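Written below as structure tokens is the structure these notes are about.
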Amino acid sequence: MTFGQRGVGVTRRVFGWIALLATALTLSACGFQLRGASEYAFHRLYISGGGQMATDISRYIRYGSKGTVVVTDPKDADARLEIVGISNTRTAVSLDSNGQAREYEMRSAFTFQLVTPDGRPIIPLTTIRLVRNLPYSDNETTARDTEAALLNRDMQKDAVDQIIRRMEAVKSMPEIKREE
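If you want the working numbering, it's the position in the sequence shown, counting the first as 1, plus 221.
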């Protein structure tokens, strides 16, 4: 190896370190940070309705929050998350020459609200609507049904993430009304 070849390797290594340093500085300057534990304006949450969705939200809060717990009695809660309704529909969006469906559009709607123990809204009645496309083939009926179930589960997880983000955005609780 000649001196010139060794110089090229050193130059590449130096430029590699400079590029790595520049990337690290850019990421730190733009405010990038890993998502930490969630903080909520309330410390005790009661969840009503929702079935599996309520279980997912409860699990997310249990393992991903700072000091917030899910309680089993609404009287013990600072806030109540009420999952009012969940609906799933499937509509054919394209047909083949024989009139058979080739693609379906799957829609899910999740309606919820976050209220104080006395029923005042923190997050008013809100509906999250999600849409996914499902290709259809007569030859793969079992696979289609499995994929439909996976898409429904994916939409539910997406809705849970959106609900969690909306609850994180609440910075303060309404003042408690004193009875006179």
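Beta carbons are placed, not taken as given, at the ideal position from N, Cα and C, and that holds for glycine. Keep in mind it's a predicted model, so treat the numbers as computed, not measured.
Relative to the C-alpha of residue i, which candidate in the options has its C-alpha closest?
| i | options | result |
| --- | --- | --- |
| arginine 301 | Ala275, Ile307 and Gly285 | Ala275 |
| glutamate 303 | Val391, Ile344 and Ser249 | Ile344 |
| glutamate 324 | Thr362, Ala240 and Gly272 | Thr362 |
| aspartate 299 | Leu316, Phe331, Thr332 and Arg341 | Arg341 |
| leucine 316 | Val305, Thr332, Ser286 and Tyr357 | Tyr357 |
Which of helix, strand or coil does DSSP assign to residue i?
| i | result |
| --- | --- |
| asparagine 373 | helix |
| tyrosine 209 | Here the chain comprises residues numbered 222 to 401, so residue 209 is not present and cannot be evaluated. |
| glutamate 389 | helix |
| threonine 348 | strand |
| asparagine 319 | coil |
| arginine 280 | helix |
| glutamate 303 | strand |
| valine 292 | coil |
| serine 269 | strand |
| serine 249 | helix |
Straight-line CA distance for residue i to residue j?
| i | j | result |
| --- | --- | --- |
| alanine 370 | valine 352 | 14 Å |
| serine 329 | serine 249 | 38 Å |
| lysine 296 | arginine 374 | 31 Å |
| leucine 372 | asparagine 309 | 11 Å |
| threonine 347 | valine 381 | 13 Å |
| glutamate 389 | alanine 258 | 10 Å |
| aspartate 294 | glutamine 377 | 25 Å |
| tyrosine 261 | glycine 237 | 42 Å |
| glycine 271 | aspartate 359 | 33 Å |
| leucine 242 | glycine 230 | 18 Å |
| alanine 364 | arginine 283 | 34 Å |
| valine 336 | serine 318 | 51 Å |
| threonine 247 | aspartate 379 | 30 Å |
What does residue i pair with, by DSSP beta-bridge criteria?
| i | result |
| --- | --- |
| threonine 310 | Arg328 |
| proline 342 | Val336 |
| proline 395 | According to DSSP, proline 395 bridges with nothing at all. |
| serine 358 | The partner list for serine 358 (beta bridge, DSSP) is empty, contrary to what the question assumes. |
inquiry  = For the pair the region 288 to 295 and the region 260 to 269, tell me if three or more CB-CB distances fall below 8 Å.
reply    = yes
task = May I ask you to verify whether the region 269 to 286 touches the region 379 to 394, counting CB pairs closer than 8 Å and requiring at least 3?
result = yes
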